[in-house]
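Please read the structure below before turning to the comments.
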Amino acid sequence: MELLRSPGAMRAWADARRAGGARIGLVPTMGYLHEGHVSLVRIARERGCGAVAATIFVNPAQFGPGEDFDKYPRDEARDLAMLSEAGASAVYLPGVPDMYPEGFQTYVEVTGASQGLCGASRPGHFRGVATVVAKLFLAAKPHVAVFGEKDFQQLAVIRAMARDLDFGIEIVGAPIVREPDGLAMSSRNAYLKGDDRIAARCLSRGLFRARALFDGGERDAGTLVAAAREEIAGEPLAKLEYAEGRDPRTLAPLEGRVDAIAVVVAAKVGPARLIDNITLRD
Ligand code: PAF
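If you want the working numbering, it's the position in the sequence shown, counting the first as 1, plus 1.
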């Protein structure tokens, strides 16, 4: 597994792989990996990518003032061991000055998909995500890029950007990987201790309640979302940020009778801001 630490090294690796006829898969991450990330490498391989590059970069541009950039968990040695075991061919680990050298002034803004939900409480977040992902795409020149569906709005933003800017990259969404008790895997789960860890189950519990209603024939968007919202709002250690029903493809808000709906939720539990979602369809 090759370690690449500059955009030039990443580009040279990609050029050599392309010259050799390899299909390149890209798995962008911020490190502190878990089973969900490992599944992204596997999915890239299953999509016929003979060369899979993972990236590890805690991107300052997507953190707001007072957010957890400084304390975001980091463990490079453990991440590299996991990626090697998962079968990654290369890991790109640029430093902040490599990605944002002095004088940096160019950002990518995806207008529609970035609005509402996480975009409402984290102004500038998706601009930072779109910018860094565009830079990763340009350096790694992938044919396929794989992102977790837990970051549902992020995936919509990246799909829109890849389409609008003609990247010609297949964007693949990977199913959420959950802990045995239902909690969606996330690097930020490391912040959850004791009662907060138990309370954090309320997000997935709410989504599973919505799924049970849907499976029982309920098709009213408001009722499905209310089930998730009530479960989270009823947990004293959780502070609900949003629970909404969105079109799974376009992210448009949904009301009334639905055949397909993504129920998306966010809540703060202790020091951790958690997000989760479930797509329900006939
Ligand atoms: O989902 C993440 O880990 C990050 O937002 C991403 C896509 C790697 C961009 O920094």
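Positions of the beta carbon are idealized from the N, C-alpha and C atoms, including for glycine.
Quiz item: If you pair each beta-carbon of the region 190-197 with each one of the region 159-169, do three or more pairs fall below 8 Å?
Solution: Taking a cut-off of 8 Å for Cβ pairs, the region 190-197 and the region 159-169 do not touch, as fewer than three such pairs fall below it.
Quiz prompt | Proximity test, Gln63 beta-carbon vs the ligand PAF heavy atom, cut-off 8 Å | solution = Yes.
Exercise. Using the DSSP secondary-structure output, state which residues sit across from Arg179 in a beta bridge.
Key: Looking at the DSSP assignment, Arg179 forms a beta bridge with Ala185.
Quiz prompt | Complete runs of the beta strand (DSSP E) confined to the region 225-266 [at least 3 residues] | solution = Fully enclosed beta strand (DSSP E) runs of 3 or longer: 239-247.
Quiz item: Whole alpha helix (DSSP H) runs in the region 4-42 with 4 or more residues, listed along the chain?
Solution: Note on the region 4-42: whole alpha helix (DSSP H) runs with a minimum of 4 residues are 8-20, in chain order.
Practice problem: Check whether the Cβ of Met31 sits closer than 8 Å to any heavy atom of the ligand PAF, and report yes or no. | Solution: Flag set: Cβ of Met31 near the ligand PAF.
Quiz item: Apart from the five residues just before and just after Ala89, which ones in its own chain have a Cβ nearer than 8 Å to its Cβ?
Solution: The residues are Met2, Val28, Val42, Val53, Ala54, Ala55.
Quiz prompt | For Ala201, the three-state DSSP class (helix, strand or coil) | solution = In this structure, Ala201 counts as coil in the three-state DSSP scheme.
Quiz prompt | Limits of the unbroken alpha helix (DSSP H) element including Ile159 | solution = For Ile159, the enclosing alpha helix (DSSP H) begins and ends at 153-165.
Self-check item: Close Cβ partners of Ala135 (< 6 Å) along its chain, the five nearest in sequence each way excluded
Solution: Counting only Cβ-Cβ distances below 6 Å, and skipping sequence neighbours, we find Val109.
Quiz item: When DSSP labels each residue in this structure, what does Glu171 get in the three-state scheme?
Solution: Glu171 falls in the strand class under three-state DSSP.
Quiz item: Going by alpha carbons, who is nearest to Ile233 out of Cys203, Val259, Leu184?
Solution: Taking each of Cys203, Val259, Leu184 in turn and checking the Cα distance to Ile233, the smallest one comes out for Cys203.
Self-check item: Supposed contact pair Gly271 and Leu238 - C-beta distance, whole angstroms, cut 8 Å
Solution: Rounded, the Cβ-Cβ distance is 7 Å, consistent with contact.
Exercise. Give the straight-line distance between the Cα atoms of Ala213 and Phe64, rounded to the nearest whole angstrom.
Key: Computed Cα separation, rounded: 35 Å.
Quiz item: How many whole angstroms separate the CB atoms of Ala45 and Val147, which I take to be in contact at a CB cut-off of 8 Å?
Solution: So it is a contact: roughly 5 Å between Cβ atoms.
Exercise. Would you identify the three-state DSSP class for Tyr192, choosing helix, strand or coil?
Key: Here Tyr192 carries a helix assignment [DSSP, helix/strand/coil].
Quiz item: So what does Lys269 bridge to, in DSSP terms?
Solution: Paired residues: Lys240, Arg274.
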